[in-house]
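Here the structure comes first, spelled out in structure tokens, and everything after it is commentary.
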Amino acid sequence: MKKFLVVLGLLALAAMPALAATDNYHYNTTMKCSDCHSMHASAHENLPVVVGMGAEITDPNGGTDKSPMYFPSGLAPQHYLLKGTDVCASCHKNQTFAPDVVGDNLNGYVRSAGGVKEAGDTTGGGHVIGTTTRPPGYDATAAINGYFAAGSVLECYSCHSPHGGTAFRNLGPYQMRSALGSANVGKVQPTVSKAAAFNTATDVTILGGDTYNFGTPANFVNYYGRDNIVYANNQAVTFNGTTSTNRMDQFCGVCHGAFHGGSETDNTTVADGTAFVRHPTSTKVVGALPTTYAAAATQAFANLKVYQATGTATSTTDSPGCLTCHKAHGNNNPFALIYPGTLAKDTTEEGAGVYKNLCKTCHSMGGTM
Amino acid sequence: MPASRFLYRTAGVTSDTRAGDCPSFAARGGSLLWHGLIQMTGPHGFVKVFVAMIFIAAPLFAGEWHYGASMVCSDCHTQHNSSGGVPMRTDSVAAPAAMLLRRGTAQELCLSCHAGANASAPDVIAPVTYVSESAAGAFPASHEPSSMAHDLLSATPVIPPGGTVAMVLQCTTCHDPHGNQNYRNLRPDPTRSGLPGVTVVSHQGVTANGSNPAQVYVRDNVIYKSGVSAWCATCHGAPVPGSDHPDDTAIWGATLADYTLWSSSTLPHVPVHSPSDNVVPSVDDRVICISCHKAHGSDHPAAMIYADGETMESTCQECHGL
């Protein structure tokens with residue numbers, strides 16, 4: 001019996017990483033209803049608001065948990081029984097126990113997505129939380145229209161499912177989770193694997209595996225750091241009339257449809273279909289351009305995230321995508337563009353170069369970088 | 370052979386690739402340049418070579434507007450044709466254009482700045498407003514076929530006089546829109562038919578800074594060093610001895626030209642090659658195509674330059690006392 005218990009214990013330990021590897025945070029085992037919701041808008045006799053790491057608490061489902069206990073305190077009850085007016089920001093803005101995704105990074109690493117902007121923040125560019133402005137490139141004529149109907153407000157959950165999911169970063173156009181239909185959901189939600197090595201079978205690989213530990217800021221880089229995120233270019237999906245080789249682009253295209261062009265025949269008004277009217281995303285191989293830089297752009301190329309065919313970024317096989325040029329959340333450059341440096345690995349989310357470096361990494365005309 | 374000529378010729382072997390598209394242009398030119406200098410000076414001449422390169426590199430690597438630091442991608446291209454819900458095309462047309470251009474065609478795009486609307490850009494459509502006479506002259510405003518200028522956007526391909534390749538000319542036929550290291554961003558082979566590329570070298574007293582066309586694109590600012598006639602010949606064919614006026618030929622010592630007349634002319638001197646110095650008139654001056662013709666066009670037949678502004682004879686008589 002004793003041996004059995006030991007074996008059982010070992011099995012349980014072995015199973016934990018496997019379980020974790022399949023889940024995003026806020027999903028399955030890490031989806032804590034009480035992180036965001038309160039049943040009665042009152043607890044502990046309206047204790048003062050505490051934002052941040054609480055002491056270890058006993059999870060009613062067993063075990064202990066570190067949770068940012070956000071107690072309501074005299075606040076009016078919120079819709080959906082939420083614990084605050086902005087429960088996402090309560091953990092994800094300027095906190096050390098959870099990824100900081102608003103503005104500059106408090107936790108000191110180069111994030112893959114950068115930081116979103118808030119109203120009034122005129123530095124740089126990116127998605128502005130709370131904006132009612134329709135997305136650039138919004139295509140009201142697209143098959144999937146009405147996603148951002150007049151009066152809509154951009155929120156975190158516009159892109160990330162608050163209840164999690166299996167897609168990369170819980171991505172999913174949450175507000176249209178029903179309207180999109182099951183046939184289309186799978187086309188716009190990037191698949192992910194959390195493996196030690198690049199997985200060509202999913203849109204995204206998190207190279208750091210599932211070593212993310214909640215509340216351990218030094219560990220965030222493994223999961224959210226730029227260098228541990230690799231995009232694949234062999235996941236051909238057609239949606240809204242455009243073919244891309246990575247669902248990240250299709251996801252962006254839900255809102256930015258008119259900016260989206262997988263090939264020269266997509267969204268083109270050129271009769272013979274030979275010339276781009278949108279910059280192509282994900283289907284065109286960088287090295288197929290008539291002339292590309294070799295040595296001069298090697299470092300700049302390495303500072304950008306292309307959609308790769310193999311575990312090593314290679315211009316002869318890899319393609320540009322939305323996230324090659326833009327930070328998904330934002331940064332301090334216009335339009336959340338990345339200006340790659342040419343001399344060393346970029347240590348900022350903006351990049352160490354100038355804007356032309358971005359274009360000239362692939363397009364060599366016009367002299368040296 | 371003067372060092373400068375050797376270097377320019379060395380750079381001129383840079384194949385028929387579009388220089389603006391070929392980053393190896395500079396690298397190859399530089400490499401050949403280096404080997405050439407080593408050969409000229411011997412293994413112990415490093416210091417001399419270094420000093421020579423400092424002085425000589427300027428015309429070779431100078432580049433023009435729309436190249437290097439002044440090449441601004443977004444001047445001409447947009448990625449998504451929208452910013453703040455407003456089309457990015459400079460003519461405000463909503464439909465995106467081919468090659469992500471900010472105008473419907475490359476020609477429209479060039480002329481959106483170079484037809485007088487932008488005071489900071491040299492105007493190439495008559496009447497030129499930024500200066501009384503530009504170095505290259507101007508195209509007629511009517512865009513109609515003319516014997517007085519290169520014919521832009523002809524209805525059908527036209528074989529240039531003296532040439533063999535039928536072409537429909539537009540700005541980008543001759544000028545690389547992404548710039549290169551040639552004078553005025555001239556394409557080394559404007560025919561793009563695989564001819565050996567030609568390097569055109571000049572010395573400019575004032576270079577473009579984005580707001581000084583009246584100081585840059587005028588005759589007095591430019592001393593042509595080499596390559597002009599050879600470049601014209603890529604389309605127009607080389608002059609035939611005995612049939613055509615001698616070309617790239619020294620005025621000094623010429624049988625039928627009078628250097629004394631040339632050097633003492635009180636009229637503005639027509640452009641010439643001055644390979645060995647930056648002085649015109651001087652004994653190294655050589656008559657070239659644009660000694661008689663404006664590159665873009667003029668108000669006169671065959672785009673002729675009238676040295677006195679009124680008569681063709683005044684041009685002839687700068688060299689010929691007949």
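Going line by line, the protein sequences match chains C and U.
First residue of the first sequence? That's 1 in the numbering used here, and the numbers climb one at a time after it.
First residue of the second sequence? That's 370 in the numbering used here, and the numbers climb one at a time after it.
Ideal Cβ positions, reconstructed from N, Cα and C, are used throughout, including at glycine.
Simplified DSSP assignment, three categories, for residue i
i: E349 of chain C; result: coil
i: E118 of chain C; result: strand
i: P530 of chain U; result: coil
i: Y593 of chain U; result: strand
i: G506 of chain U; result: strand
i: M369 of chain C; result: coil
i: T133 of chain C; result: coil
i: N331 of chain C; result: strand
i: P650 of chain U; result: coil
i: V455 of chain U; result: strand
i: D613 of chain U; result: strand
i: M704 of chain U; result: In the structure displayed, chain U extends from 370 to 691; residue 704 of chain U sits before or after that span and is not available.
i: V286 of chain C; result: helix
i: V585 of chain U; result: helix
i: Q95 of chain C; result: coil
i: G278 of chain C; result: Going by the sequence as given, residue 278 of chain C is Arg instead of Gly. If DSSP states are grouped into helix, strand and coil, R278 of chain C belongs with coil.
i: G253 of chain C; result: helix
i: L82 of chain C; result: strand
i: H605 of chain U; result: helix
i: L5 of chain C; result: The predicted model places L5 of chain C with a pLDDT of 49, which falls under 50 and marks its position as unreliable, so this point remains unresolved.
i: H483 of chain U; result: helix
i: L47 of chain C; result: In this predicted model, L47 of chain C has a pLDDT of only 45, less than 50, meaning its place in the structure is not dependable; the value taken from the coordinates is given anyway. Coil at L47 of chain C, not helix or strand.
i: V128 of chain C; result: strand
Euclidean distance between Cα positions of residue i and residue j
i: N331 of chain C; j: N357 of chain C; result: 17 Å
i: G596 of chain U; j: H279 of chain C; result: 38 Å
i: C359 of chain C; j: D318 of chain C; result: 16 Å
i: E682 of chain U; j: C658 of chain U; result: 16 Å
i: L522 of chain U; j: G253 of chain C; result: 38 Å
i: P334 of chain C; j: H326 of chain C; result: 10 Å
i: V537 of chain U; j: C479 of chain U; result: 16 Å
i: T533 of chain U; j: C601 of chain U; result: 13 Å
i: F168 of chain C; j: T191 of chain C; result: 6 Å
i: N487 of chain U; j: T447 of chain U; result: 20 Å
i: V639 of chain U; j: A495 of chain U; result: 20 Å
i: Y189 of chain C; j: H547 of chain U; result: For clarity, residue 189 of chain C is Gln in the given sequence; the question names Tyr instead. For Q189 of chain C and H547 of chain U, the distance between alpha carbons rounds to 39 Å.
i: H544 of chain U; j: P557 of chain U; result: 9 Å
i: T361 of chain C; j: A464 of chain U; result: 27 Å
i: G172 of chain C; j: C159 of chain C; result: 5 Å
i: N590 of chain U; j: C661 of chain U; result: 18 Å
i: A599 of chain U; j: V567 of chain U; result: 7 Å
i: H605 of chain U; j: E679 of chain U; result: 27 Å
For residue i: DSSP bridge partner residues
i: K194 of chain C; result: C:I206
i: L555 of chain U; result: U:H544
i: Q308 of chain C; result: C:A232
i: H642 of chain U; result: U:Y593, U:R655
i: T238 of chain C; result: C:T243
i: H446 of chain U; result: U:L470
i: L521 of chain U; result: U:L538
i: N618 of chain U; result: For the sequence presented, residue 618 of chain U should be read as Thr rather than Asn. Answer is U:V656, bridged to T618 of chain U.
i: H363 of chain C; result: For H363 of chain C, which the question treats as bridged, DSSP gives no partner whatsoever.
i: G563 of chain U; result: According to DSSP, G563 of chain U bridges with nothing at all.
i: L319 of chain C; result: Contrary to the premise, residue 319 of chain C reads as Ser rather than Leu in this sequence. For S319 of chain C, which the question treats as bridged, DSSP gives the partners C:Y307.
i: S571 of chain U; result: U:Y593
i: M331 of chain U; result: Any property of residue 331 of chain U remains undetermined from this structure, which presents chain U solely from 370 to 691.
8 Å Cβ cut-off: residues of chain B touching residue i
i: Y436 of chain U; result: Absent from the structure: chain B. Protein chains present are C and U.
Other residues of its chain near residue i: CB distance less than 6 Å, five sequence neighbours each side excluded
i: L81 of chain C; result: H37, S38
i: Y628 of chain U; result: I620, W621
i: A313 of chain C; result: V306
i: K117 of chain C; result: G126, V128, G330
i: T664 of chain U; result: A small fix is needed here, since residue 664 of chain U is Ala in this sequence, not Thr. A505.
i: S632 of chain U; result: P650
i: P582 of chain U; result: P491, Y499
i: S580 of chain U; result: S489
i: A196 of chain C; result: G209
8 Å Cβ shell around residue i - same chain, five flanking residues per side excluded
i: R655 of chain U; result: D617, T618, A619, I620, V641, H642, S643, P644
Cβ neighbours of residue i in the same chain (closer than 7 Å, five flanking residues each side left out)
i: G353 of chain C; result: A300, Y339, P340, G341, T342
i: V527 of chain U; result: D520, A535, M536
i: A676 of chain U; result: L636, P637, V639, S683, T684, E687
Any non-hydrogen atom of the ligand MG within 6 Å of residue i CB
i: Y593 of chain U; result: With respect to the ligand MG, the structure shown offers nothing to examine, as it has no ligands at all.
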